[in-house]
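Here's the structure we're looking at; comments come further down.
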Amino acid sequence: MFGCLVAGRLPVASCSTEMRVLGACGSAGSLWKASNKNMPERIVQTAAQQVAEDKFVFDLPDYENINHVVVFMLGTIPFPEGMGGSVYFSYPDSNGMPVWQLLGFVTNGKPSAIFKISGLKSGEGSQHPFGAMNIVRTPSVAQIGISVELLDTLAQQTPVGNAAVSSVDSFTQFTQKMLDNFYNFASSFAISQAQMTPSPSEMFIPANVVLKWYENFQRRLAQNPLFWKT
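Just so we're aligned, residue 3 is where the sequence shown starts under the working numbering, counting upward by one.
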């Protein structure tokens, strides 16, 4: 189940180009439909605060119920050559002051990223580029900040350790969903031999063969999500 969706068009004046970023926030432990969660009706946020020439902020209302955040480029316009975007998460502390934490980054070579923020709503912040900027803040609203920076600068940054979501976990979820979809689709065409119309030009695969493949693939995936590489 999604907590919120935010979308925006981000003009980067210094680069004479435009970057578009879409973020999504999940509030049920997973953002993937493979988890059998549905998206509630929420208004999509399309307005990002441009707090500097190369820095942008998205609001996350009701952030206490958000577990994960997805940030990804729409693929229409890339980052300028040699640049990418640092992704920060900010929440208000007990005094209402913003606490910023570096989640990671997105680049043309890595156009999307999933971050877990459920464990980041306490503790100390880290260095960030949003300190001296006039950012409108509201109680119970966290923020995602994106700072367009050189790739060399991104490489020297250290995100908080427990924000990254394993790509192996995401791949496993996707593969499981794909398996379920294929098996359910193939099974929907199953008929008995009595129902079959002879057709010498067509080949038929027994349903139990598909089931056996499905079960074997599931078993191997559970043992080693990367077994297919060997």
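We put the CB at the ideal spot given by N, CA and C, even for glycine.
Which whole-angstrom value is the C-beta distance of residue i and residue j, which I expect to be below 8 Å?
i	j	result
Phe107	Ser120	Wrong, their Cβ atoms sit about 20 Å apart, outside the cutoff.
Looking at the unbroken alpha helix (DSSP H) that takes in residue i, where does it start and where does it end?
i	result
Val211	209 to 225
Leu228	That residue, Leu228, is in no alpha helix (DSSP H); it is neither H nor E in DSSP.
Ala157	153 to 157
Hey, how far is the Cα of residue i from the Cα of residue j?
i	j	result
Lys57	Val101	17 Å
Asn110	Glu83	9 Å
Phe187	Ile193	13 Å
Gln52	Ser189	51 Å
Thr155	Glu217	46 Å
Ser201	Phe176	36 Å
Asn210	Lys231	26 Å
Gln158	Tyr90	15 Å
Pro94	Thr160	22 Å
Met286	Ala165	Outside the modelled stretch of the chain, which goes from 3 to 232, sits residue 286, for which no answer is possible.
Ala15	Phe191	Residue confidence is low: Ala15 scores 44 on pLDDT, short of 50, so the model does not pin down where it sits. Its coordinate-derived value is still stated next. The straight-line gap from Cα to Cα measures roughly 55 Å.
Phe81	Lys112	11 Å
Gly25	Tyr185	Low per-residue confidence applies at Gly25: pLDDT is 39, beneath 50, and the placement is therefore not dependable, though the value from the model is reported in the following sentence. Cα to Cα, Gly25 sits roughly 31 Å from Tyr185.
For a quick check, are the C-beta atoms of residue i and residue j less than 8 Å apart?
i	j	result
Phe117	Leu105	yes
Val71	Ser114	no
Gly77	Leu153	no
Leu62	Ile146	yes
Thr174	Leu213	no
Leu181	Gln225	no
Leu122	Val150	no
Assuming residue i is part of the beta strand (DSSP E), what are its boundary residues?
i	result
Gly86	85 to 94
Ala54	51 to 54
Ser142	Ser142 -> no beta strand (DSSP E), and no H or E assigned at all.
Ser201	Segment: none, Ser201 is in no beta strand (DSSP E) and carries neither H nor E.
Ile116	114 to 118
Gly2	The chain is shown only over 3 to 232; residue 2 falls outside these bounds and no answer can be derived.
Leu62	57 to 63
With a threshold of 8 Å between beta carbons, is residue i in contact with chain B?
i	result
Val72	Of the protein chains in this structure there is only one, and it is not chain B.
For the segment 64 to 81 and the segment 140 to 156, state whether three or more C-beta atom pairs, one from each stretch, are separated by less than 8 Å. Taking a cut-off of 8 Å for Cβ pairs, the segment 64 to 81 and the segment 140 to 156 touch, as three or more such pairs fall below it.
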